[in-house]
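Everything on this sheet refers to the single structure shown next.
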Amino acid sequence: MAGLSTNLVHADDSLERVPDVVQPINITTTFKYSDDPEELVIAKEIDDTKISTGRPVYSRLSHPNSTKCEEVLSTLLNGHVVIYNSGLSAFFAALTYYAPKVLSIGNGYHGCHGIANIFTRLNGLKQVTLDVNEIDQHIGKGDVIHLETPVNPEGIAFDIKFFADKAHSKGAFLIVDATFAPPPLQDPFLHGADMVLHSATKYFGGHSDLLAGCLVTKDPEVKYQLVRDRVYLGTNIGNLESYLLLRSLRTYEMRILKQSENATKLVKYLADNIDKYSALEKVYHASLEVDEKPFIKEQLSGGFPPVFSIIVKDPSVARQLPSKLKYFHHATSLGGVESLIEWRAMSDSKVIETLLRVSCGVENVEDMIADFDQALSSFN
Ligand SMILES: *Cc1c(COP(=O)(O)O)cnc(C)c1O
8 MAGLSTNLVH ADDSLERVPD VVQPINITTT FKYSDDPEEL VIAKEIDDTK
58 ISTGRPVYSR LSHPNSTKCE EVLSTLLNGH VVIYNSGLSA FFAALTYYAP
108 KVLSIGNGYH GCHGIANIFT RLNGLKQVTL DVNEIDQHIG KGDVIHLETP
158 VNPEGIAFDI KFFADKAHSK GAFLIVDATF APPPLQDPFL HGADMVLHSA
208 TKYFGGHSDL LAGCLVTKDP EVKYQLVRDR VYLGTNIGNL ESYLLLRSLR
258 TYEMRILKQS ENATKLVKYL ADNIDKYSAL EKVYHASLEV DEKPFIKEQL
308 SGGFPPVFSI IVKDPSVARQ LPSKLKYFHH ATSLGGVESL IEWRAMSDSK
358 VIETLLRVSC GVENVEDMIA DFDQALSSFN
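Take the sequence shown: its letter number 169 is residue 176 in this note's numbering, and every next letter is one higher.
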């Protein structure tokens, strides 16, 4: 099998329909049926396991670039991939598929709590935390543990194997939101995950110009059901977004490795020099936890997440720091080639007001360090 970077450029070559080197942008919503009357199949005889890979019919079902995205992502993610029009659509689809009575969910991305709350409103989904006692007490057969790791906004890590074993001992399922550490940083399937979720808006997209998400499963039957559901949820990726995502995936490996390396170096600088800056109180990142969490070495074997968080002395520093940085735009989101910083309390009401989340881009890390140095020094 070819290497990752080769697959990212070539995994979809066999799906080419035109001689164009770059995939065309298909804007059509509907596709002509075959001209050969013998090839026409009536609805009740259609093989619905081929909705996302067969001849396209209507773009809510699939279209050429959504099929190509799934093909490239399946080589990257080591499983069967279903693509969606956002990460939250993917999470909605996962809960729709498993339909748990009880969901164990940690802090993590606020939007996933918003989805869980919709299920609670619609059909009384009971929600508990990731606390072991709560899991032991409430999680049963067919329920779901949803683990985000590394977790938003700190970029610190949880033990996938521990929660996989916990879930399976109860007859429950483990979904891992691995958005913060996509391959080759971490592979949740190696540690027992049943389903993996990524917001492709982040590192797979990587250019802050598209929304997408995906679910990954090891079981083709699960994929077929997810695709059948997606037809009616109406959450397939859009035409333009699928074109943009394919463009992005070609350079994905270089970007993620550089972003991970930049974050790890910047975190090390800040942690090593924390006493130099009176405004800086704490740095959170999985790279700083390797001694206390032995599983990190095995589970984040390909590198640390490109996102980390810092705690500053008081909320007024948190309010001002972004405006003092030259190379970190003050904006929400993460994963793009451009570095971002966010005073996180602006978009997540549950996060303390002294926390700033940093998403490292692909800039020169010496410039990033110098930028933090001058910004933090200004408070001394
Ligand atoms: C952004 C994000 C999501 C949601 O993805 P969207 O593409 O914005 O819908 C889910 N989980 C995590 C960890 C995220 O960072």
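All C-beta atoms in this analysis are idealised placements derived from N, C-alpha and C, irrespective of residue type, glycine included.
Might you give, ordered along the chain, the residues of its own chain that have their beta carbon closer than 6 Å to the beta carbon of residue i, omitting 5 neighbours on each side?
| i | result |
| --- | --- |
| HIS117 | ASP355 |
| PHE379 | none |
| VAL223 | LEU84, GLY86, VAL88 and VAL203 |
| ILE281 | LEU287 |
| ILE263 | TYR210 |
| ILE125 | none |
| THR36 | SER66 |
Can you tell me whether residue i is buried or exposed, with buried defined as 16 or more other CB within 10 angstroms of its CB?
| i | result |
| --- | --- |
| GLY147 | exposed |
| ASN371 | exposed |
| ALA200 | buried |
| ASN269 | buried |
| SER81 | buried |
| SER59 | buried |
| MET8 | exposed |
| ILE122 | buried |
| TYR40 | exposed |
| LEU132 | buried |
| HIS2 | Coverage of the chain is limited to positions 8 through 387, which leaves residue 2 absent and any answer about it impossible. |
| LEU137 | buried |
| LEU129 | exposed |
| SER73 | buried |
Taking 8 Å as the threshold (C-beta atoms), are residue j and residue i in contact?
| i | j | result |
| --- | --- | --- |
| SER294 | PHE311 | yes |
| SER66 | ASN243 | yes |
| LEU341 | VAL314 | yes |
| LEU15 | LEU83 | yes |
| PHE196 | LYS173 | no |
| ILE90 | CYS221 | yes |
| VAL297 | LYS289 | no |
| VAL238 | LEU347 | no |
| ASP321 | THR361 | yes |
| GLN266 | VAL369 | yes |
| LEU154 | LEU181 | yes |
| LYS75 | ASP143 | no |
| VAL183 | THR156 | yes |
| ILE376 | TYR276 | yes |
I'd like the list of long-range same chain contacts for residue i, defined as Cβ closer than 8 Å, with 5 residues on each side in sequence excluded.
| i | result |
| --- | --- |
| THR103 | ASP236 and LEU240 |
| THR351 | What sits at residue 351 in the sequence shown is Arg, not Thr. So the qualifying residues of the chain are PRO160, SER316, VAL358, LEU362, LEU363 and ARG364. |
| MET353 | THR339 |
| THR208 | SER93, GLY94, LEU217, LEU218, ALA219, GLY220, SER340 and GLY342 |
Within the present structure, is the beta-carbon of residue i separated from the nearest heavy atom of ligand 2 by less than 7 Å?
| i | result |
| --- | --- |
| ASP184 | With respect to ligand 2, the structure shown offers nothing to examine, as its ligands consist of ligand 1. |
Report, in whole angstroms, the separation of the C-beta atoms of residue i and residue j, which I expect to be a contact under 8 Å.
| i | j | result |
| --- | --- | --- |
| ASN92 | GLU248 | 7 Å |
| LYS108 | ASP150 | 6 Å |
| VAL158 | GLY115 | 5 Å |
| PHE252 | ALA278 | The residue you asked about is not Phe; residue 252 is Leu in the sequence shown. Not quite, the Cβ-Cβ distance comes to about 34 Å (not below 8 Å), so this is no contact. |
| GLU260 | LEU11 | 5 Å |
| SER206 | GLY94 | 3 Å |
| ILE152 | ALA188 | Contact doesn't hold; Cβ gap of about 18 Å is too wide. |
| GLY61 | PRO190 | No, GLY61 and PRO190 are not in contact; Cβ-Cβ is about 27 Å, not under 8 Å. |
What does a CB cutoff of less than 7 Å around residue i pick up in its chain, not counting 5 residues either side in sequence?
| i | result |
| --- | --- |
| TYR291 | GLU161, GLY162, ILE163, PHE315 and SER316 |
| HIS198 | ILE167, LYS168, ALA171 and GLN306 |
| LYS331 | ALA382 and SER385 |
| GLY213 | SER255, TYR259, ARG262, GLY342, GLY343 and VAL344 |
| PHE98 | CYS119, ILE122 and LEU204 |
| GLN134 | LEU110, ILE112, ALA123 and THR127 |
| PRO31 | VAL25 |
3 or more residues per run - each beta strand (DSSP E) lying fully within the segment 189–215: 202–206
Contained alpha helix (DSSP H) runs [length at least 4] in the segment 208–268, N- to C-terminal order: 227–240 and 246–256
Pick out the complete beta strand (DSSP E) segments inside the segment 311–356, 3 residues or longer, and give them in chain order. 314–319 and 347–350
Let me know the beta strand (DSSP E) ranges lying completely inside the segment 73–97, each 3 residues or longer, listed in chain order. 87–91
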